[in-house]
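J.:
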Amino acid sequence: MEANRRLHQFLRARREALTPPDVGLAWNAEGRRVRGLRRDEVARLAGVSVDYYTRLEQGRARNVSDQVLDSVANALRLEPLERSHLHTLAHPAKENAAPPNPRRVRPSVQLALDGMVCLPACVRDMRMNVLGANIMWRNLFRDLSNITPIQNIARWTFLDPRAQEVYPEWERVAREIVDTLQRSAAKFPTDPDLVQLVGELNIGSPEFSRWWSDRRVYQRSTGVKRIRNTVVGEIALNYDAFSAVAGEDEQVLVIYTAPVGSPADEQLRLLASWDAEATAEPADTPATVTQGIQSAPFIESTNHPA
Numbered sequence: 001m002e003a004n005r006r007l008h009q010f011l012r013a014r015r016e017a018l019t020p021p022d023v024g025l026a027w028n029a030e031g032r033r034v035r036g037l038r039r040d041e042v043a044r045l046a047g048v049s050v051d052y053y054t055r056l057e058q059g060r061a062r063n064v065s066d067q068v069l070d071s072v073a074n075a076l077r078l079e080p081l082e083r084s085h086l087h088t089l090a091h092p093a094k095e096n097a098a099p100p101n102p103r104r105v106r107p108s109v110q111l112a113l114d115g116m117v118c119l120p121a122c123v124r125d126m127r128m129n130v131l132g133a134n135i136m137w138r139n140l141f142r143d144l145s146n147i148t149p150i151q152n153i154a155r156w157t158f159l160d161p162r163a164q165e166v167y168p169e170w171e172r173v174a175r176e177i178v179d180t181l182q183r184s185a186a187k188f189p190t191d192p193d194l195v196q197l198v199g200e201l202n203i204g205s206p207e208f209s210r211w212w213s214d215r216r217v218y219q220r221s222t223g224v225k226r227i228r229n230t231v232v233g234e235i236a237l238n239y240d241a242f243s244a245v246a247g248e249d250e251q252v253l254v255i256y257t258a259p260v261g262s263p264a265d266e267q268l269r270l271l272a273s274w275d276a277e278a279t280a281e282p283a284d285t286p287a288t289v290t291q292g293i294q295s296a297p298f299i300e301s302t303n304h305p306a
C-alpha cells in the first residue's frame, strides 16, 4: 500500500538522520554497517520490541496506539510538526475520505477575492490547484494565470522554466511546495489526482524527486516571498495562508501584503492600475464587491503553507 510505503520511507529517513551520540548512546564506528541508528537502537529507546518496531517501520503493524507513536517520535527526536506527520502516516484517511476536487471556488468566495482590489489573493486546494484568484494575483503571476484549464502551482513551479525567473529564491519556494504535497499525500494517500501529480513531478523534475525522498517535514503559513514581475520588477511581499476557507477544510486562502508606504506598497499600487482584463481568465462572478473584503468567508486556522 502507498500509505505503508510512505510510513516506511519517513521512519527510515529519520532513523538514518541520527547517530548514537545524538540520542545518548555509545558510538563505535568500527563494524557498523548501517547509516544512522539501527532498528534495535530505536526500539530500545522507544521501549518496544525490535520485532514490533520493524513491523511498524515496514508498515505491517496494525492499530498502533498514540502512546507507541509518541514513544517512537521521542526516540527519533521528532519536532512537533514531524510528530504530527508520523501520526497522520500511521493513521491515514480511508480511501473514500478523499476530499472533493472542485475546479473553482464558490461564487461567494470569488466575490470576496475580487473585493480585495489592492491585494493579490488566491484560493488553492491541497493538490496546489488554483481554484480562484483576483485580478491582482493574476497580474502578479501572469505566466501561471494564463495556463488553462487547470492552474497548478506545483506543476508550473517545477516544470515551467519561467518559474525560476519569477522566483529569485526558487529553491526555497519549491521545497515548501514539496512539503505541502507530502503532507497532503500523507493525509490522502490514495487520492488519484494527487498520485498522478506526484508521479508526473517525480518524472519531470530531478529536484522534486530528490526533495520528495528527503522526508523532512516543514510548514510555513506566513513569510516573505520575492517575486519578479514584468510590470513592477522585483517585489518582496509578505504572505499569509489561512485554511478552511468557507468551511472547505482542504482549501487555503493565500494573501500577499506590503507595509503601508513601503516600496513594495507602491509597487502593488502600480500593479493595481495595470489593466489585466485582456490577459486574465474571466471569473464566473462579478469583479467587484461594494463591501470589499468585509464579505469574506470565515477562516478557521492558519496551519497551511502558501
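Residue numbers (the UniProt record's numbering): 1 to 306. For glycine and all other residues, C-beta sits at the position ideal for the given N, C-alpha and C.
(1) Less than 8 Å between the CB atoms is what I'm expecting for Val254 and Cys122, so what's the real figure, rounded?
(2) How would you label Pro206, buried or exposed, when you count the other beta carbons within 10 angstroms and need 16 or more for buried?
(3) Quick check on DSSP: helix, strand or coil for Glu234?
(4) Under DSSP, the beta strand (DSSP E) around Gly223 begins and ends at which residues?
(5) Could you pull out every unbroken beta strand (DSSP E) segment of at least 3 residues lying fully inside the stretch 80-127, listed in chain order?
(6) Helix, strand or coil for Glu169 per DSSP?
(7) Decide if Gly261 is buried, meaning its Cβ has at least 16 other Cβ atoms within 10 Å, or exposed.
(8) Tell me where the alpha helix (DSSP H) around Thr157 begins and ends.
(9) For a test of the three-state rule: what should DSSP assign to Phe242, helix, strand or coil?
(10) Taking only three categories from DSSP, how would you classify Ile147?
(11) CB-CB under 6 Å to Asp240, same chain, minus the five flanking residues each way: which ones, in chain order?
(12) Just mark Ser184 as buried or exposed, buried being the case when its beta carbon has 16 or more other beta carbons within 10 Å.
(13) Among Val50, Ile135, Ala73, whose alpha-carbon lies nearest the alpha-carbon of Thr88?
(14) Leaving out five residues on either side along the sequence, give the residues of the same chain with a beta carbon under 8 Å from the beta carbon of Arg5.
(15) Report the rounded CA-to-CA distance for Leu197 versus Arg127, giving the unit in angstroms.
(16) May I ask you to verify whether the stretch 160-171 touches the stretch 221-236, counting CB pairs closer than 8 Å and requiring at least 3?
(17) How big is the Cα-Cα spacing for Asp40 and Ile177?
(18) On the DSSP bridge assignment, give the partners of Asn129 in chain order.
(19) Is there contact here, the stretch 20-36 with the stretch 232-239, by at least three beta-carbon pairs under 8 Å?
(20) So within the stretch 35-79, which uninterrupted alpha helix (DSSP H) runs reach at least 4 residues, ignoring any that extend past its ends?
(21) Put Leu253 into one of helix, strand or coil per three-state DSSP.
(22) Where do the N-terminal and C-terminal ends of the alpha helix (DSSP H) with Asn28 fall, by residue?
(23) Would you mind reading off the limits of the alpha helix (DSSP H) that contains Arg210?
(24) Please state whether the Cβ-Cβ distance between Trp274 and Asn139 is less than 8 Å.
T.: A quick look at the data gives this:
(1) 6 Å
(2) exposed
(3) strand
(4) 222-229
(5) 121-125
(6) coil
(7) exposed
(8) 153-159
(9) strand
(10) coil
(11) Thr222, Ile255
(12) buried
(13) Ala73
(14) Gly59
(15) 8 Å
(16) yes
(17) 34 Å
(18) Asn152
(19) no
(20) 39-46, 50-57, 66-75
(21) strand
(22) Segment: none, Asn28 is in no alpha helix (DSSP H) and carries neither H nor E.
(23) 206-212
(24) yes
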